[in-house]
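A.B. asks:
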Amino acid sequence: MNLAEWLVRTARRTPNAPALLSGKNIVANYAEFARRVAKLASALHSRLSIVPGDRIAVVASNCIEYLELLYAAWFAGAAVVPINCKLHAKEAAWIVENAEAKAVFVSESGASELVPLIENLPGLAAAVAIDSREFALLRASEPMVAPVPRTRDDLAWLFYTSGTTGKPKGVMISSSNLHAMAFSYFVDVDEVRGTDAMLYAAPMSHGAGLYNFTHVMRGTRHVVPESGGFEANEVLALAHSLRDISMFAAPTMVRRLVDCAKTEGSNGDGIRTVVYGGGPMYVADIEEAVAVMGPRFVQIYGQGESPMTITALSRALVADRSHPRWRERLGSVGVAQSCVEVRVGDENGRSLPTGETGEVLVRGAPVMLGYWRDPQATAKTIRDGWLWTGDMGSLDDDGFLTLKDRSKDVIISGGSNIYPREVEEALLLHPAISEVSVVGRASKEWGEEVIAFVVAKPGMTVETPDLDRHCLEHIARFKRPKSYIFESELPKNNYGKVLKTALRARLAGKTET
1148 MNLAEWLVRT ARRTPNAPAL LSGKNIVANY AEFARRVAKL ASALHSRLSI
1198 VPGDRIAVVA SNCIEYLELL YAAWFAGAAV VPINCKLHAK EAAWIVENAE
1248 AKAVFVSESG ASELVPLIEN LPGLAAAVAI DSREFALLRA SEPMVAPVPR
1298 TRDDLAWLFY TSGTTGKPKG VMISSSNLHA MAFSYFVDVD EVRGTDAMLY
1348 AAPMSHGAGL YNFTHVMRGT RHVVPESGGF EANEVLALAH SLRDISMFAA
1398 PTMVRRLVDC AKTEGSNGDG IRTVVYGGGP MYVADIEEAV AVMGPRFVQI
1448 YGQGESPMTI TALSRALVAD RSHPRWRERL GSVGVAQSCV EVRVGDENGR
1498 SLPTGETGEV LVRGAPVMLG YWRDPQATAK TIRDGWLWTG DMGSLDDDGF
1548 LTLKDRSKDV IISGGSNIYP REVEEALLLH PAISEVSVVG RASKEWGEEV
1598 IAFVVAKPGM TVETPDLDRH CLEHIARFKR PKSYIFESEL PKNNYGKVLK
1648 TALRARLAGK TET
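Taking this note's numbering, the leading residue of the sequence shown gets 1148, the next gets one more, and so forth.
#1: Can you tell me the Cα-Cα spacing of Arg1588 and Glu1595, whole angstroms?
#2: Quick check on Gln1484: does DSSP put it in helix, strand or coil?
#3: Using the Cα positions of Thr1311 and Arg1183, report the straight-line distance between them to the nearest angstrom.
#4: How big is the Cα-Cα spacing for Phe1360 and Ser1322?
#5: Output yes or no for whether 8 Å exceeds the beta carbon distance between Ser1288 and Ala1190.
#6: How many Å lie between Ile1447 and Gly1270 at the Cα?
#7: If you follow the beta strand (DSSP E) that Trp1304 is in, where does it begin and where does it stop?
#8: How big is the Cα-Cα spacing for Ala1386 and Asp1335?
#9: What does a CB cutoff of less than 7 Å around Arg1299 pick up in its chain, not counting 5 residues either side in sequence?
#10: Would Met1291 be called buried (16 or more neighbouring beta carbons within 10 Å of its own) or exposed?
#11: In three-state DSSP terms, what is Arg1443?
#12: So Leu1464 packs on Gly1441, CB below 8 Å; how close in whole Å?
#13: Taking the straight line between their C-alpha atoms, what separation do you get for Arg1653 and Ser1584?
#14: How far does the alpha helix (DSSP H) with Arg1183 in it extend, from its first residue to its last?
#15: Please report the distance separating the alpha-carbon of Arg1553 from that of Val1405.
#16: Ordered along the chain, which non-local residues of its own chain (more than five positions away) have a Cβ less than 8 Å from that of Pro1372?
#17: Rounding to the nearest angstrom, what Cα-Cα distance links Gly1540 and Gly1505 in this structure?
#18: Is Asp1416 buried or exposed, if buried means 16 or more other CB atoms sit within 10 Å of its CB?
#19: If you drop the 5 nearest sequence neighbours on each side, which residues of the same chain put their C-beta closer than 7 Å to that of Val1155?
#20: CA-CA distance, His1369 and Leu1614?
#21: Using 8 Å as the threshold, is the C-beta distance between Ala1166 and Ala1188 below it?
#22: Start and end of the beta strand (DSSP E) containing Phe1252?
#23: Helix, strand or coil for Lys1551 per DSSP?
#24: Determine contact between the region 1193-1213 and the region 1248-1263, defined as no fewer than three beta-carbon pairs at a distance below 8 Å.
#25: How is Gly1426 classed by DSSP in three states: helix, strand or coil?
#26: Assign Leu1214 to one of two classes, buried (16 or more other C-beta atoms within 10 Å of its C-beta) or exposed (fewer than that).
#27: By Cβ distance, which residues of its chain are closer than 6 Å to Ser1331, with the 5 residues on each side in sequence left out?
#28: Within a Cβ cutoff of 6 Å, which residues of the same chain sit near Lys1644, ignoring the five residues on either side of it in sequence?
#29: Out of Lys1237, Met1428, Leu1576 and Ala1158, which has the shortest C-alpha to C-alpha gap to Arg1403?
#30: Helix, strand or coil for Asn1640 per DSSP?
#31: Which value, in whole angstroms, describes the spacing of the CA atoms of Leu1195 and Ala1185?
#32: What's the C-alpha gap between Ser1461 and Trp1519?
#33: Using a 10 Å radius around the Cβ and a threshold of 16 neighbouring Cβ atoms, would you call Ile1559 buried or exposed?
#34: List the whole-angstrom C-beta distance separating Ile1230 from Ala1239, where the pair is believed to meet the contact cut-off of C-beta under 8 Å.
#35: Three or more beta-carbon pairs under 8 Å between the region 1567-1587 and the region 1613-1627, yes or no?
#36: Name, in chain order, the residues that DSSP records as bridge partners for Phe1600.
See the structure below:
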């Protein structure tokens, strides 16, 4: 089934329901939303010669037009290539070329740098700035009558990995992959009601954009902040005004939202659900989030290769303080979502007993088709139907999965495995520490040694002896960092993840403190 059918059906059922909002302002109801999409899809077909199976790249900041482009591409039978607009123009151009995109839609602010790099690519029909007259003309076409029929294995979403260890790989996500993801949201993540609103504060090129489906199906409001991104005070104000908002947020965004709520004396009134994921959420941070804002939080664990759909930790479990192992569960990423099997395997893929750490393996309906034109990488990542995630973790007797680290981030010191997250969790219990990231540094004596990059809270200072004492109170002596490097901030990618590769690169020129 074509994904655009969901929009068409909702527009027939509730044509007058508000659909697209810019801040507090209603831009279109569902009938208007669907008509805009049908017009744009018609232009893709008639003016840009888009045919089923073509790829359409979107390099844009969050905006109402982003949702229109997504559904127009699917309506016309094409696949979407979402590209983070914060990438360097050369990085974005490489993705456009690798995906062999037939058309590219770009924010006005980025058009001047990107378009000259791609305009002569063979097969590219057009590169259109979203705010341009050309785009307005495309939107004025006669509407297509109905979405182009598509099958379950047709490519719908070509998502490029972050590429921290080389060129990014194109993850091929099919229509049926996205069907499974959307249906699992209803079962494992959250109920969606027609009175709700989906707030796009995180990049729509990533997980936040994928969560549009459930809210389109239920005919809810789709809200793009006027800032186009995440501003904690803007989110709180919109929630207070619009009510019943849901949003996807990276852990760093949750941290900023909670800090802002504390400053404003807010409890997050108007926020219904914050789904967090995309990086490690430390126990101390989510404990405080619940204490300040109440039971509004749900955790998901997924990756581009199985989008948003490996495990989930429900709002009830996130808020529970009655279970004897509630803290352990809060430090986990929850239990397997309904559409997948999850197990932990050794280097040969043999399942490990509960409590033992190995690589997280996933099998099920949302797992990708493979990597775009990279059969070797596909064969390495999907073996016997199982997705090898690259994440290390362990399962307990109740099926809760606790992640340790990416397999490449495990520190082996003196023959012992040290998982940086354990050290980070311990250090974040210190009242003066705002952020921390732990990496390994080569050591002639130990093979590797533990190094902690530390950011102190504003107005506070912390010294090495104090941190050493603190660590010895919480973790084994052999896990204690050899050195602490104090920073004003940690390097992050465009999704808010700390770049441990950059930290490891820094160590070459650092001395101990």
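For every residue, glycine included, the Cβ atom is placed at its ideal position computed from N, Cα and C. Since the model is a prediction, treat every value here as computed from it, not as a measurement.
C.D. replies: So, from the data block:
#1: Rounded to whole angstroms, Arg1588 to Glu1595 spans 5 Å at the Cα level.
#2: Correct three-state label for Gln1484: coil.
#3: Caution applies to Thr1311, whose pLDDT of 48 falls short of 50 and renders its modelled position unreliable; the value that the coordinates give is listed next. If you take the alpha carbons of Thr1311 and Arg1183, they lie about 37 Å apart.
#4: Spanning the two alpha carbons is a distance of roughly 12 Å.
#5: Yes. Within cutoff.
#6: Cα to Cα, Ile1447 sits roughly 38 Å from Gly1270.
#7: Boundaries of the beta strand (DSSP E) harbouring Trp1304: Leu1302 to Tyr1307, taken from the DSSP string.
#8: Rounded to whole angstroms, Ala1386 to Asp1335 spans 24 Å at the Cα level.
#9: Hits under 7 Å: Ser1321, Ser1322 and Ser1323.
#10: Residue environment: Met1291 is assigned as buried (16 or more neighbouring CB atoms within 10 Å of its CB, all protein chains considered).
#11: DSSP, reduced to helix, strand and coil, places Arg1443 outside both helices and strands of the structure shown, so it counts as coil.
#12: Between Gly1441 and Leu1464 the Cβ distance is about 15 Å, and since that is not below 8 Å, they are no contact.
#13: Straight-line spacing of the CA atoms in Arg1653 and Ser1584 works out to 13 Å.
#14: Note, Arg1183: alpha helix (DSSP H), Tyr1177 to Ser1193.
#15: Approximately 27 Å, taken between the alpha carbons.
#16: Result list for Pro1372: Gly1170, Asn1209, Leu1346, Tyr1347, Ala1348, Glu1378, Glu1381, Val1382 and Leu1385, in chain order.
#17: Gly1540 and Gly1505 have their C-alpha atoms some 6 Å from each other.
#18: By the Cβ-count criterion, Asp1416 is exposed, with fewer than 16 other Cβ atoms from all chains shown falling within 10 Å of its own Cβ.
#19: Beyond the five residues adjoining it in sequence on each side, Val1155 comes within less than 7 Å, by CB distance, of Ala1181 and Pro1294 in the same chain, given in chain order.
#20: For His1369 and Leu1614, the distance between alpha carbons rounds to 45 Å.
#21: Their beta carbons are not under 8 Å apart, which means Ala1166 does not touch Ala1188 by this criterion.
#22: Here the beta strand (DSSP E) through Phe1252 covers Ala1250 to Val1253.
#23: Of the three classes helix, strand and coil, the one that applies to Lys1551 here is strand, per DSSP.
#24: With the cut-off at 8 Å, the region 1193-1213 and the region 1248-1263 touch.
#25: It is coil, neither helix nor strand.
#26: Label assigned to Leu1214: buried.
#27: Cβ within range, chain order: Thr1456, Gln1484, Ser1485 and Cys1486.
#28: Hits under 6 Å: Gly1426.
#29: Selected option, being the one with the closest Cα: Met1428.
#30: Of the three classes helix, strand and coil, the one that applies to Asn1640 here is coil, per DSSP.
#31: A direct Cα-to-Cα measurement between Leu1195 and Ala1185 gives close to 15 Å.
#32: Going by the C-alpha atoms only, they are around 33 Å apart.
#33: Within 10 angstroms of the beta-carbon of Ile1559 lie fewer than 16 other beta-carbons, which makes it exposed.
#34: About 5 Å separates the two Cβ atoms, so the contact holds.
#35: These segments touch.
#36: Note: Phe1600 sits in a beta bridge opposite Ser1584 and Ile1632.
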